[in-house]
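Just so you know, we're using numbering that gives the first Met the number 0 here: the sequence shown kicks off at 0 and counts up by one.
See below for the structure under consideration.
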Amino acid sequence: MSHDSADLRLFAAIYPSEGAARAMLRALRKLSLPSHRETPPEQVHMTVQFIGQVDRRDLDEVLESVRRSASGIRPFELRAERIITLPRRGRPRLVAAELNAPAELLELHRRLAHRLARHLREKAGDRFLPHMTLCRFSHGKTCADINVPSAGEPFTVSTVSVMKSILRPEGAVHEEVERVELSS
0 MSHDSADLRL FAAIYPSEGA ARAMLRALRK LSLPSHRETP PEQVHMTVQF
50 IGQVDRRDLD EVLESVRRSA SGIRPFELRA ERIITLPRRG RPRLVAAELN
100 APAELLELHR RLAHRLARHL REKAGDRFLP HMTLCRFSHG KTCADINVPS
150 AGEPFTVSTV SVMKSILRPE GAVHEEVERV ELSS
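Shown next as structure tokens:
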């Protein structure tokens, strides 16, 4: 399926502090893994809501939806709790840091899903797993399931970023479109 060149591939994301991202990647490096591509520290993030292909003419409406979703949500703290492989069923394709799920994060996700998801699940929060991808296995490679505790460095989340994803053969490149402040 081809998309018009005026389309933007968007998602809403939370980024950790640089120290927290580096701590998660240090935990990853302690594992014995097959050939993989590590996520650069500056690209470690949590996708709170994948928005998908958006016509440039609809960008202002999407940004307003994200602003409204973030309104009234206080800043909150996140931390990595486990290092896991995903998907949970089938052959693992990546290693991620699973994070805690404070009420503010779950509410932000619920609001974003309600406003922006193309197809809402029966219970929008049912399948949301707060995580940050740390590496992807090279084509055809996989490993046994990993599920180990990780005492991650806590970080405060005070913004949600609307990101544009540009898919390239060497991996996706992310560019920030707008950063939205959380406010109580």
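Even glycine gets a Cβ: it sits at the ideal position worked out from N, Cα and C.
Host alpha helix (DSSP H) of ARG225 (start-end): Residue numbering for the chain in the displayed model covers 0 to 183; residue 225 lies beyond these limits and cannot be assessed.
Quick one: using the 10 Å Cβ neighbour count with 16 as the cut-off for buried, is ALA79 buried or exposed? To locate residue 79, count along the sequence shown from 1; it is residue 80. So ALA79 counts as buried.
Residue span of the alpha helix (DSSP H) that contains ARG126, given as start and end: Locating residue 126 in the sequence shown gives position 127, counting from the first residue. Looking at the DSSP string, ARG126 is not in any alpha helix (DSSP H), and its letter there is neither H nor E.
Which residues does DSSP pair with SER164 in a beta bridge? Residue 164 sits at position 165 when you count from the first residue of the sequence shown. Paired residues: HIS173.
Separation of GLN48 from SER34, as counted between CA atoms: Residue mapping note: residue 34 aligns to position 35 of the sequence shown, counting from 1. Residue mapping note: residue 48 aligns to position 49 of the sequence shown, counting from 1. Going by the C-alpha atoms only, they are around 29 Å apart.
Quick one: Cα of MET45 to Cα of ALA20, how far? For the purposes of this step, residue 45 is taken as residue 46 along the sequence shown, with counting starting at 1. For the purposes of this step, residue 20 is taken as residue 21 along the sequence shown, with counting starting at 1. If I take the Cα positions, the gap works out to 11 Å.
Quick check on ARG87: buried or exposed, where buried means 16 or more other Cβ atoms within 10 Å of its Cβ? Counting from one through the sequence shown, the residue named residue 87 turns up at place 88. That one is exposed.
Which residue from LEU133, ARG66, VAL94, PRO168 puts its Cα closest to that of THR141? In the sequence shown, counting from the first residue as 1, residue 141 sits at position 142. Considering only alpha carbons, the answer is VAL94.
Paired residues, beta bridge with ILE83 - DSSP: For the purposes of this step, residue 83 is identified with residue 84 of the sequence shown, where counting begins at 1. BP columns for ILE83 point to ALA95, ASN146.
I need the DSSP call for LEU181, collapsed to helix, strand or coil. By one-based count along the sequence shown, residue 181 stands at place 182. Three-state result, LEU181: coil.
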